[in-house]
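What follows is a short report on a single structure.
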Amino acid sequence: MQATEYGSRPVFAPGAAAAFPAPEPAAQEPREAETPEAAGADEGLPYAPFLDGFQQIVADAATTGRRLTRDELESRRALGARAAEAGHGWRGLVRAHLVVGREGRPRAADPDSVLAVVEQAMDAFADGYERAQRLVIRKEEAARREFIDDLLHGRGDSGALAARSERFGFRLSRAHAVAVAEGPEKYDETDPVPRQVASELFARFENRRILFTTKDGRMVCVAPSDQDDVLTHFAKHAYAAVGDRAQAAIGRPRPGTLGIGHSYEEALNALDVAQRMGFDEPLLRAADMLVFPVLARDRQALVDLVHNVLGPLEGARGGAVPWLETLGAYFDTGCVAAAAARRLSLSVRALTYRLDRVHALTGADPTDPAQRYMIHTAVIGARLLDWPARPLRPV
1 MQATEYGSRP
11 VFAPGAAAAF
21 PAPEPAAQEP
31 REAETPEAAG
41 ADEGLPYAPF
51 LDGFQQIVAD
61 AATTGRRLTR
71 DELESRRALG
81 ARAAEAGHGW
91 RGLVRAHLVV
101 GREGRPRAAD
111 PDSVLAVVEQ
121 AMDAFADGYE
131 RAQRLVIRKE
141 EAARREFIDD
151 LLHGRGDSGA
161 LAARSERFGF
171 RLSRAHAVAV
181 AEGPEKYDET
191 DPVPRQVASE
201 LFARFENRRI
211 LFTTKDGRMV
221 CVAPSDQDDV
231 LTHFAKHAYA
241 AVGDRAQAAI
251 GRPRPGTLGI
261 GHSYEEALNA
271 LDVAQRMGFD
281 EPLLRAADML
291 VFPVLARDRQ
301 ALVDLVHNVL
311 GPLEGARGGA
321 VPWLETLGAY
331 FDTGCVAAAA
341 ARRLSLSVRA
351 LTYRLDRVHA
361 LTGADPTDPA
371 QRYMIHTAVI
381 GARLLDWPAR
391 PLRPV
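In terms of my numbering, the sequence shown has 179 at position 179, counting the first letter as 1, and numbering is strictly consecutive.
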């Protein structure tokens, strides 16, 4: 059947009379018009309730050539909304309407008049269908986001979460891992970057049981623990979508409903540690950064270590910052003076002088293997505590 554009929906042009065959010769016994129920049965789906009154509208309006009344249009919209809420597909509904329109048309009616009636009725039906479908989608999206939020924060009864997970094709009986990606801006799911990342992710892993959302301005992906390729693909495209300003972290795989929340927190903590420590790797793994939570677990002990080992640097010329940068570069390059000097754009002699000054100020020698671990740990602690930007409060 020829279709033309009507608003945002395809409708049927009145000029396409060939879609309805000419009446049979009078010598033949006319076929009995198919009822809406029969049309629905032919399609193999329960469309009959949504065709209620359509045959009568076609028979009456096509004979007189009148336009559909407001009540008739509203009845079509209401049935379209019911069909959408029931989850019926648009193609089958259109076909069922065409069957009724073809089989139930008055034999004496002009084909163009029949098509005009079908066009008006289907346009109203589609309007109700689309409105209800948008509402259904919004409700489904709200339910999905609430479910993911409960998973990430470990809220709700485990049994209830498991039952809700089936609705979204997710199985909580397996272990899962969570990846979190952040960029220079905060995102929600309507922004171009998350939409692009989600499109790439589900195009590649269409049949995988994964979840994607945005949370607190970051992109979040949840996948079964044995599908690390999903999480690395997510991180790769998050980085590609934002450029070198993006960073992603993957939490350790954990079982059960509470495990997803723990993996999510690990990924967030990994991003926070990376920011404090100055790590610029595009992909971080919480399993590779376990030493940092250990150090931060006893905060007061860490504060005492930083205060006692590095505190004297605050009294040096320029404050503690340049000396911490020197120590950080020295330890980050494996205690190779030449490499550290290049990183700081200094001569080796200037770097050596700074290290000697640290020794003189603190009493600890960073070049001495026996004292190196203590100083290195104190430097890491200073980064974790954001010192000296945040003052220490030792007991």
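For every residue, glycine included, the Cβ atom is placed at its ideal position computed from N, Cα and C.
Ordered along the chain, which non-local residues of its own chain (more than five positions away) have a Cβ less than 7 Å from that of residue i?
i: R209; result: G169, F170, R171 and P224
i: T367; result: L355
i: H153; result: G261
i: D365; result: H359 and Q371
i: R145; result: T213
Which residue wins for smallest C-alpha separation from residue i, given the options the options?
i: L231; options: Q247, G217, G243 and D216; result: Q247
i: A160; options: T257, V321, T352 and A360; result: T257
i: G101; options: Q56, R343, V348 and S345; result: Q56
i: A320; options: G334, R357, F292 and D288; result: R357
i: H97; options: N207, R317, A108 and R76; result: R76
i: R469; options: D188, D157, A163 and A83; result: A question about residue 469 goes unanswered here, because the residues of the chain that appear run from 1 up to 395.
i: G363; options: L310, Y330 and T190; result: L310
i: V399; options: A163, F212 and P192; result: Past the boundaries of the shown model lies residue 399; the chain is included only from 1 to 395, so the question cannot be answered.
i: G92; options: P194, F50 and F331; result: F50
i: E265; options: D216, Y353 and D244; result: D216
i: L361; options: E325, S345, H376 and L313; result: L313
i: L324; options: A389, E281 and M289; result: A389
i: A78; options: F54, V99, T64 and V58; result: F54
i: A59; options: D52, R95, T69 and A109; result: A109
i: A350; options: P322, Q196, N269 and M374; result: P322
i: I250; options: Q275, D244 and P282; result: P282
i: I375; options: D127, E119 and L327; result: L327
i: E140; options: A203, S165 and S345; result: S165
i: R204; options: Q227, P192, K186 and I137; result: Q227
i: Y373; options: D244, V273, F331 and G87; result: F331
i: D149; options: R174, V178 and V136; result: V178
i: R66; options: A116, C335 and L135; result: A116
i: R276; options: W387, R167 and T352; result: W387
i: A62; options: V118, A86 and D52; result: V118
With a cut-off of 8 Å on the beta carbons, I'd call residue i and residue j a contact; round off their distance for me.
i: G80; j: F125; result: 4 Å
i: A378; j: L305; result: 5 Å
i: H176; j: R254; result: 7 Å
i: A329; j: A340; result: 4 Å
i: P184; j: V242; result: 7 Å
i: E182; j: L271; result: 6 Å
i: A142; j: L68; result: Rounded, the Cβ-Cβ distance is 35 Å, inconsistent with contact.
i: V99; j: R105; result: Contact flag wrong, Cβ pair sits at about 11 Å.
i: N269; j: P293; result: 6 Å
i: A274; j: L284; result: 5 Å
Which stretch, first to last residue, makes up the beta strand (DSSP E) that contains residue i?
i: R285; result: L283 to R285
i: V180; result: H176 to E182
Along the chain, where does the alpha helix (DSSP H) that runs through residue i open and close?
i: D127; result: P111 to H153
i: D304; result: R299 to L310
i: P106; result: It is not in any alpha helix (DSSP H) - P106 carries neither H nor E in the DSSP assignment.
i: P192; result: P192 to R204
i: S173; result: Here S173 belongs to no alpha helix (DSSP H), and DSSP marks it neither H nor E.
Between which residues of its own chain and residue i is the CB-CB distance below 6 Å, once the five residues before and five after are set aside?
i: A240; result: none
i: A287; result: R252
i: L73; result: A124
i: D188; result: T214
i: K186; result: G217
i: Q133; result: A84
Within the same chain, show all residues whose beta-carbon is closer than 8 Å to that of residue i, passing over the 5 residues directly before and after it, in chain order.
i: L302; result: L295, A296, G381, L384 and L385
i: K201; result: Reading off the sequence shown, one finds Leu at residue 201, where the question assumed Lys. Within the same chain, L201 has close Cβ partners I210, F212, C221, V230, H233, F234 and H237.
i: Y129; result: G80, A81, A83, A84, W90 and L93
i: T333; result: A339, A340 and R343
i: V197; result: A181, F212, M219, F234, H237, A238 and A241
i: G7; result: Unreliable positioning characterises G7 in this predicted model, as indicated by a pLDDT of 39, which lies under 50. A coordinate reading is not provided.
The ligand ADP and residue i: does the residue's C-beta get closer than 7 Å to at least one heavy atom of that ligand?
i: D191; result: Looking at this structure, you won't find the ligand ADP or any other ligand, since it has none at all.
Secondary structure, beta strand (DSSP E): runs of 3+ residues fully inside the segment 55-101: none
Complete runs of the alpha helix (DSSP H) confined to the segment 208-259 [at least 4 residues]: 228-242
Contiguous alpha helix (DSSP H) assignments of at least 4 residues, all confined to the segment 326-390: Given a length threshold of 4 residues, each whole run of the alpha helix (DSSP H) inside the segment 326-390 is given here in chain order: 337-344, 348-362 and 369-384.
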